[in-house]
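Data block below; observations after.
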Ligand SMILES: *Cc1c(COP(=O)(O)O)cnc(C)c1O
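Numbering (the numbering used here), first residue to last: 66 to 557.
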């Protein structure tokens, strides 16, 4: 465990009486707030808060911020998760006082500006997707999947149809079958063919009157656009089912093709991926959904609508068929505001250019990587591609995990590995549109160098990070979720 520097918790750095700021004595009225609140609401003891001087606090958090990589410090070729650069302009615009200093319980007349932005975002997402009815409420991509499946379930219930089955592709993100089960469906898996696309025979064999929804990702997680898409959506519609498009991969097709045009009925966007919202460490995200007109009555309420008579934006709750609320207030507004800024900054031409450049970057990298890593599916890709380290492992004992760990020593974040499951020793790479040719060249060169390195050096890589190789099996099986320390003031 070289270079491993124990980082103390802020509680362990605490010393009684140390202060970062000295506040003036409370005025009597404030000091008496406790009596106004009622004695039973007062804490009996002082809260066990850490006590530190300002420089200690600053150093503590600055040091913590360097323990991991970030998009602002390193290239992130993380397949399936569109980890793109977060333009600082969006941060500034989304932080304008008129947008962040509002209270969610304010009457709608007093937040017309914010509502017009959210309403504008709904219209733009409807336009980009080709699916005009939009709800911004879901809090993440997976939550969007769940919400849309609940909408589909409500629709079939209303039609009086028993459709208990959701089909998912075998290359799908794990959230697809998980969302289907949470929404009360049974799942069946549709296999991929040898080209990495939907196996039409398998799909046709599994489609019937019991099918509610086929969930698919297009372009799929192998970075391939399924050219059979219109036959697929037609086949699902022929049995009365709906098509759900997992829209996490929209970065490849913005302004080029619209899910509504190729037959999808429902989809979600991942604004924290496609529209550059920052989303390190698991959040926050958003998962707006777009559906066809005939599904609009089932969308979550309250909906944000423009009253044509008063020209005021309002919340509409009287939708008797609605599945109801899926999140408090109107969704993760901060993420939605960044998405609005991103889309408006680029405009229609610019958005198309984003996707063209993302696809170009990925193909450029693919054309370099294919000389030393096998690419099982496709000569060309969309926004990402999946290589396999299976041959390298067999010949030189270098696994996908070794590659991923060692690349950290070269100053790059690791690509996604072992996903999708349909590729052995998968290494999934998505460079995104903002990376320069120099960065892509340097990344390909580093990957190539690793394939030539001694396997002993690789097995305990990385060598330059604070923590080398944590035992990830133990971390999953016996997680220690709480810090236990002799000095822990919380223990006392
Ligand atoms: C990221 C992703 C999801 C889930 O989105 P979250 O916002 O992480 O819940 C679903 N499908 C695909 C293909 C993804 O890449």
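Note that the Cβ used here is the ideal one computed from N, Cα and C, for glycine as well.
Any non-hydrogen atom of ligand 1 closer than 7 angstroms to residue i Cβ
i: residue 504; result: no
i: residue 146; result: yes
i: residue 350; result: yes
i: residue 311; result: yes
i: residue 249; result: no
i: residue 448; result: no
i: residue 342; result: no
i: residue 261; result: no
i: residue 338; result: yes
i: residue 335; result: yes
i: residue 206; result: yes
i: residue 283; result: no
i: residue 238; result: yes
i: residue 481; result: no
i: residue 286; result: yes
i: residue 314; result: yes
Same chain only: Cβ atoms within 7 angstroms of residue i, ignoring 5 sequence neighbours per side
i: residue 143; result: 478, 480, 481, 495
i: residue 379; result: 173, 370, 372
i: residue 363; result: 216, 219, 220, 386, 387, 388
i: residue 476; result: 139
i: residue 416; result: 319, 320, 408
i: residue 556; result: Note that residue 556 has pLDDT 46, beneath the 50 cutoff, so the model's placement of it is unreliable and the number below is only indicative. Excluding positions up to five away in sequence, the list is empty.
i: residue 271; result: 232, 253, 255
i: residue 179; result: 164, 167
i: residue 248; result: 211, 214, 215, 218
i: residue 462; result: 520
i: residue 491; result: 451, 453, 465, 482, 483, 484, 485
i: residue 141; result: 148, 478
i: residue 298; result: 308, 327, 328, 329
i: residue 273; result: 304
i: residue 67; result: Unreliable placement is indicated for residue 67, whose pLDDT of 35 sits below 50; the coordinate value is still reported in the next sentence. Counting only Cβ-Cβ distances below 7 angstroms, and skipping sequence neighbours, we find 528, 533.
Close beta carbons around residue i, own chain, < 8 angstroms, minus the five adjacent residues each side
i: residue 295; result: 327, 328
i: residue 225; result: none
i: residue 243; result: 207
i: residue 358; result: 197, 198
i: residue 147; result: 313, 314, 316, 335, 338, 339, 448, 495, 497
i: residue 223; result: 363, 386
i: residue 537; result: none
Proximal residues to residue i (C-beta, below 6 angstroms), its chain only, five neighbours per side dropped
i: residue 395; result: none
i: residue 441; result: 453, 488
i: residue 75; result: 115, 125
Contact under 8 angstroms by Cβ, residue i with residue j
i: residue 404; j: residue 186; result: yes
i: residue 350; j: residue 159; result: no
i: residue 439; j: residue 427; result: no
i: residue 116; j: residue 82; result: yes
i: residue 356; j: residue 198; result: yes
i: residue 236; j: residue 286; result: yes
i: residue 194; j: residue 323; result: yes
i: residue 252; j: residue 231; result: yes
i: residue 164; j: residue 402; result: yes
i: residue 311; j: residue 282; result: yes
i: residue 469; j: residue 352; result: no
i: residue 308; j: residue 279; result: yes
i: residue 423; j: residue 497; result: yes
i: residue 457; j: residue 527; result: no
i: residue 561; j: residue 437; result: Any question about residue 561 goes unanswered here, given that the chain covers just 66 to 557.
i: residue 406; j: residue 155; result: yes
i: residue 191; j: residue 446; result: no
i: residue 269; j: residue 234; result: no
i: residue 341; j: residue 152; result: yes
i: residue 366; j: residue 390; result: yes
i: residue 261; j: residue 443; result: yes
i: residue 333; j: residue 203; result: yes
i: residue 471; j: residue 425; result: no
Identified DSSP bridge partners for residue i
i: residue 251; result: 230
i: residue 311; result: 333
i: residue 400; result: Answer is none; residue 400 lacks a bridge partner.
i: residue 493; result: 451, 481
i: residue 200; result: 354
i: residue 276; result: 230
i: residue 369; result: 380
i: residue 442; result: Its beta-bridge partners do not exist; DSSP assigns none.
i: residue 257; result: 263
i: residue 140; result: 477
i: residue 281; result: 310
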